[in-house]
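The next block holds one structure in the form of structure tokens; read it before the comments.
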Amino acid sequence: MEEESAMEARSPELTRRVTARQSRKSIGEKLKEESKKIWQVAVSTVQNVIEGFVYVIMLGMGSALETLCGQAGGAGQLNILGIYMQRSWITNFVTALCLTPVYVFTSPLLKLLHQDKGISDLAVKYSIYVIPQLFAYAMNFPIQKFLQSQSKVWIMTIILVVALAIHVVLNWVLVILLGDGLLGAAMAGNISWWLIILLR
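One point on numbering: in UniProt numbering, the residue at position 121 of the sequence shown is 121, and numbering is uninterrupted.
See the structure below:
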């Protein structure tokens with residue numbers, strides 16, 4: 001035994017081998033822990049793709065208002081700005097209704113694209129919880145273009161800074177402190193987006 005210790009002291013390679021032999025029991029546990037981390041990354045990536053897809057469509061729908069509001073604001077027809085914004089809300093709301101099935105049927109869509117069943121099932125849970133954000137997008141983008149056409153950018157900036165601070169606190173409370181995970185992240189996003197609309 002003393003010979004082995006003396007040999008290990010002289011040869012660090014033997015120490016590594018002994019340590020590797022001793023830790024073989026925990027390799028399975030380490031693999032399981034790392035797999036959980038990979039799943040979390042995969043789920044968040046899928047969620048970002050879905051939300052990004054819908055966000056871009058809603059932003060595109062709201063961007064049509066930018067030209068109309070710019071023309072009406074430049075001509076001094078401020079009463080038409082409100083009419084344009086209301087019409088844009090209606091078209092965006094209808095678009096949000098049309099996009100809702102993408103959120104509801106996320107799991108079958110992802111499975112059709114050969115995503116793993118576990119990822120698909122987690123993604124659909126999150127997608128269902130963030131449906132209120134879809135309708136917040138429908139309200140937000142017309143208001144944003146309405147305010148931009150009147151050069152009220154500082155108001156939007158202040159509101160977004162306040163909303164960001166509240167969003168960080170909400171995520172910390174719901175995800176970390178209360179441990180709600182995906183539900184907590186979705187709820188924090190919902191509250192933050194609707195808060196932006198209420199403050200505008």
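Where a beta carbon is used, it is the ideal one built from N, C-alpha and C, also for glycine.
Among the options, which residue has its Cα nearest to the Cα of residue i?
i, options, result
"W193", "Q71, G73, V161", "V161"
"W154", "Y55, R200, F53, V56", "R200"
"S120", "M58, T45, L198", "T45"
"P108", "T95, T100, V124", "V124"
"S127", "P142, K30, L182", "L182"
"G60", "Q150, K30, P142", "P142"
"F53", "L198, T106, N171, N79", "T106"
"L134", "Y103, I176, A72", "Y103"
"E51", "G62, T100, I191", "T100"
"A136", "V49, I176, K111, L198", "L198"
"T95", "I80, G62, L68, N79", "G62"
In three-state terms, what does DSSP make of residue i?
i, result
"H114", "coil"
"V130", "coil"
"K30", "helix"
"Q150", "coil"
"L178", "coil"
"A75", "coil"
"F135", "helix"
"T15", "Confidence at T15 is low in this model, with a pLDDT of 48, below 50, so the placement of that residue should be treated as unreliable; the coordinate-derived value is given next. Of the three classes helix, strand and coil, the one that applies to T15 here is helix, per DSSP."
Could you tell me the boundaries of the alpha helix (DSSP H) in which residue i lies?
i, result
"A185", "181 to 199"
"I80", "78 to 104"
Alpha carbon to alpha carbon, what distance is there between residue j and residue i?
i, j, result
"G184", "Q77", "44 Å"
"L97", "I196", "21 Å"
"S149", "G70", "5 Å"
"A186", "V130", "5 Å"
"A64", "A75", "18 Å"
"F93", "N140", "11 Å"
"G82", "F146", "8 Å"
"Q144", "A138", "11 Å"
"P132", "S26", "43 Å"
"L174", "I57", "29 Å"
"residue 205", "E29", "Nothing in the structure corresponds to residue 205, since the chain is present only between 1 and 200."
"K152", "A72", "15 Å"
"E33", "I191", "32 Å"
"Y55", "G189", "13 Å"
"T91", "N48", "24 Å"
"W172", "L122", "21 Å"
Exercise. Do three or more CB pairs link the region 167 to 183 to the region 80 to 95 at distances below 8 Å?
Worked result: At 8 Å Cβ cutoff, the stretches do not touch.
For this session: Would you check if there are 3 or more beta carbon pairs closer than 8 Å linking the region 108 to 117 to the region 139 to 159?
Result: They do not touch, by the three-pair rule.
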